[in-house]
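Have a look at the structure below, then the notes.
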Amino acid sequence: MMFDWNAATAEQSERFFEASKNGNLIPLYRSIFSDHLTPVLAYRCLVKEDDRDAPSFLFEAVDPGFKDSNVGRYSIIGAQPTIEIVAKENMVTVMDHREGRRTEEIVEDPMTVPQRITEGWMPQRLDEMPEAFCGGWVGYFSYDTVRYVEKKKLPFSGAPPDDRNLPDLHLGLYDSVIVFDHVEKKAHVIHWVQLDRYSSVEEAFNDGMNRLETLVSRVHDIITEEYKEAVLKSKEHILAGDIFQIVLSQRFERRTFADPFEIYRSLRIVNPSPYMTYLQGRGCILVASSPEILTRVKNRTITNRPLAGTVRRGKTPKEDLMLENQLLNDEKQCAEHIMLVDLGRNDVGKVSKPGSVKVEKLMNIERYSHVMHISSTSNMGAKNHAIVMPDASPDATLNGLVAAGFGDVGQRCIALSTVVFVGGSKSWENKLVECGKYLSQCWNKT
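Position one of the sequence shown corresponds to residue 329 (this note's numbering), numbered consecutively onward.
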């Protein structure tokens with residue numbers, strides 16, 4: 329489909345050319361009414377049911393200032409990233425789909441690759457664009473990416489066997505996204521144009537509008553005894569002072585012929601949360617529903633939101649209040665919450681100006697569909713606010729919070745080693761002695 333230059337609005341072209349004077353990554357967008365279009369339908373227009381290996385995503389997030397609501401204001405959809413980064417330990421594969429190029433290299437810290445690729449880019453965000461994620465890197469960092477940060481204390485040579493062989497890191501660069509604003513009842517179709525790829529601004533505008541119109545036209549097992557043993561071992565480590573707390577996770581597996589996206593659709597109805605995700609990567613599909621974020625940086629202000637202290641919802645408003653009072657008077661639950669808020673302050677402080685870290689309104693209750701949590705603001709959970717240091721990069725901010733909840737570096741290394749020591753699968757039995765020695769080494773270095 330060719331784009332007719334004469335049909336472009338004067339305002340759109342004028343904004344594009346004006347923005348090109350100050351940057352080299354310029355957004356084009358169209359806003360359409362979304363009363364007949366849902367995020368689910370839009371995602372299915374872009375990603376078909378049998379296309380489960382296609383990198384893509386659907387994010388839904390609450391607006392912190394929107395009517396004290398826990399219902400998401402924005403739904404954000406992306407498909408067909410222009411660049412993909414896949415890392416397994418230190419082997420990094422970069423796939424540039426627009427150039428048709430694939431490269432592999434050994435990188436000491438794969439988390440620096442996205443920054444290297446986008447170095448020199450100067451995006452120009454327009455004021456009228458929605459206050460939401462409008463394009464960029466999307467993907468996942470596995471928990472083992474902490475080994476990129478703590479190379480000496482947590483080398484990959486000491487990592488447990490990975491029986492799924494999934495990437496440690498998988499990112500896609502999405503230059504086209506669709507942002508649904510459920511308040512304005514509009515869908516914003518956005519495409520970013522990289523001027524360096526074109527011989528002139530006019531050529532960039534023409535091609536960008538063609539791509540934008542094309543996008544618009546397309547819019548859709550641990551068993552009981554083992555677990556008990558792990559709990560006892562965890563208590564021993566806590567009493568010994570090795571760790572403050574530990575999360576004993578279990579992997580539950582079952583075979584299903586259900587479409588993963590249909591599972592996501594059911595989840596968003598049964599358990600709506602402020603932050604919901606459907607993310608397709610190569611080899612896996614992630615579905616997530618969470619009341620909290622790891623961190624947010626906006627206008628040089630960083631926010632960390634630990635939630636801790638949980639109880640079920642009551643069947644009546646009266647029972648809700650009774651359970652709320654019990655939760656706020658539970659010494660253990662309150663202690664855990666205060667601990668995580670304090671640890672979050674330490675994490676935020678790594679990339680913040682001294683003295684700028686502030687905690688707002690401790691010990692409030694947030695209600696969700698099935699549970700209620702202790703939080704530390706009246707509407708959006710425990711927040712640690714701080715002013716980010718001028719030289720702090722997104723990578724430094726992420727590194728500072730990548731193992732949030734485990735305390736300082738020594739505690740995190742001990743905690744990860746403890747997982748190896750007491751856990752079941754990712755099979756540990758044959759390496760018990762080796763992991764015990766590794767635990768001691770980590771402790772001695774902290």
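Heads up, the beta-carbon is just placed ideally off N, CA and C, and yes, glycines get one too.
- By the Cβ criterion, the segment 533-550 is in contact with the segment 354-366, since at least three pairs of Cβ atoms, one from each stretch, lie closer than 8 Å.
- Where His665 is concerned, the enclosing alpha helix (DSSP H) starts and stops at 659-677.
- By alpha-carbon distance to His425, the top candidate from Ala407, Gly569, Tyr696, Leu576 is Ala407.
- Rounded to whole angstroms, the Cβ separation of Ala515 and Ser384 is 16 Å, and the two are not in contact under 8 Å.
- Look at Glu388 here: in three-state DSSP terms it is strand.
- Secondary structure of Thr421 (DSSP, three-state): strand.
- Runs of the beta strand (DSSP E) lying entirely within the segment 557-609 and spanning at least 3 residues, in chain order: 603-609.
- The closest CA to that of Val422, considering only Arg444, Glu652, Ile693, Asn599, is found on Arg444.
- Taking Ser504 as the centre and dropping the five residues before and after it, the same chain places the C-beta of His519, Leu543 closer than 6 Å to its C-beta, in chain order.
- With a beta-carbon spacing of about 6 Å, Asp381 and Arg610 fall inside the 8 Å limit used to define contacts.
- Note that the C-beta distance between Val685 and Val676 is below 8 Å.
- For Pro367, there is no enclosing beta strand (DSSP E); the residue is part of the alpha helix (DSSP H) that begins and ends at 367-374.
- Pairing Ile506 with Ala370 gives a Cβ-Cβ distance under 8 Å.
- Taking one beta carbon from each stretch, the segment 472-489 and the segment 445-459 have fewer than 3 pairs nearer than 8 Å; the two do not touch.
- Residues Phe387, Ala616 of the same chain have their beta carbon placed closer than 6 Å to that of Thr605, with the five preceding and five following residues left out of the count.
- Counted as a single uninterrupted DSSP element, the beta strand (DSSP E) harbouring Thr629 occupies residues 629-632.
- Comparing C-alpha distances from Pro495 to each of Ile413, Leu560, Leu540 shows the shortest one belongs to Ile413.
- Look at the beta carbons and you see the segment 623-633 not touching the segment 656-665: under three pairs across the two are nearer than 8 Å.
- Beta-bridge partners of Arg624 (DSSP): Thr631.
- Where Tyr476 is concerned, the enclosing alpha helix (DSSP H) starts and stops at 474-477.
- Around Arg641, the same chain offers Asp648, Leu651, Arg695, Tyr696, Ser697, His698, Val699, Met700 as residues with beta carbons nearer than 8 Å, after the five sequence neighbours per side are excluded.
- Within a 10 Å sphere around the beta-carbon of Gln608 sit 16 or more other beta-carbons, which makes this residue buried.
- Bridge pairing for Arg429: Asp424 [DSSP].
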